[in-house]
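Here is the structure we will look at.
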Amino acid sequence: MITALIAIAGTLFGAAVTHYFQRVNADRTMRQNFVERLRQDRLTAYHDFANAVVEYRHHQIKRWHRLNQDPDAEANTRSEAYDKKAVANSQLLRIKLLTSDERLIQLAQAAIEASLAIQRGGVAPSTPEEHQARYHQATAAIDAFVRHAGTDVQNHSQANLPTRRQARLSRYVS
1446 MITALIAIAG
1456 TLFGAAVTHY
1466 FQRVNADRTM
1476 RQNFVERLRQ
1486 DRLTAYHDFA
1496 NAVVEYRHHQ
1506 IKRWHRLNQD
1516 PDAEANTRSE
1526 AYDKKAVANS
1536 QLLRIKLLTS
1546 DERLIQLAQA
1556 AIEASLAIQR
1566 GGVAPSTPEE
1576 HQARYHQATA
1586 AIDAFVRHAG
1596 TDVQNHSQAN
1606 LPTRRQARLS
1616 RYVS
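Pasting the structure below:
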C-alpha cells in the first residue's frame, strides 16, 4: 500500500514538474516569437521610411531643376511634392508606433526636413552650390537615420539571444 502511494505521489510530482517546465518553455517561446516579430516589423518600417525619404529627396532634386528651367512649373511640382512628403510622414507615424527611441524619431524628422529644404517655395537654394550643399545635408540626414535604425534592429536581435546556459537548459526541458 505504501509503495502504491509513493508511486502515485511520484507520478503526480513528475507530472507537475513536467507541466511547469513545459509552461516555462512555452512562455519563453512566445516571448521570443513576439520579440522577433517586433524586430521584423521595425526592420520593415525603417526600410520603408528610408525608401520614402529617398524618393522624397529625389523628387525635391528634380523639382529644383524643373523650377530652375521653368519658374511657372511650381503648381505642377508642388502637388507631387506634397504626396511624396505625405508618404514619408505616414511611414514616420508607423515608426512612432513601433519604437520609443526618441533619437531615432528625431533623426527621421530631420531627414524629412533636410529633404524639404532642397526645394521649398520661397526659400529654395538660389545657386547650384547651395543646392548641392542641401542635397548632401539631406543625404547625411538619411544616412544618420539608417545607421541608428540598423543599430536599433541589431541590438534588439542580439539582446534577445539565449545565453549559453539557457540554451543548454532548453535541451533538457524540451
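Residues in the sequence shown are numbered from 1446 upward in steps of one, following our numbering.
Glycine included, each C-beta is placed from N, C-alpha and C at the ideal position.
Query, Result
"Assign His1581 to one of two classes, buried (16 or more other C-beta atoms within 10 Å of its C-beta) or exposed (fewer than that).", "exposed"
"If we ignore side chains and look at the alpha-carbon of each, how far apart do Arg1523 and Ala1531 end up?", "12 Å"
"Does Ala1555 have its Cβ less than 9 Å from a Cβ in chain B?", "Protein chains in the displayed structure number just one, and chain B is not present."
"Taking only the alpha-carbon atoms, compute the straight-line gap between Ile1557 and Asn1534 and give it to the nearest angstrom.", "8 Å"
"What three-state label does DSSP hand Asp1517 in the structure shown?", "helix"
"When DSSP labels each residue in this structure, what does Gln1582 get in the three-state scheme?", "helix"
"Would you kindly check if the distance between the Cβ of Ala1586 and the Cβ of Ser1560 is under 9 Å?", "yes"
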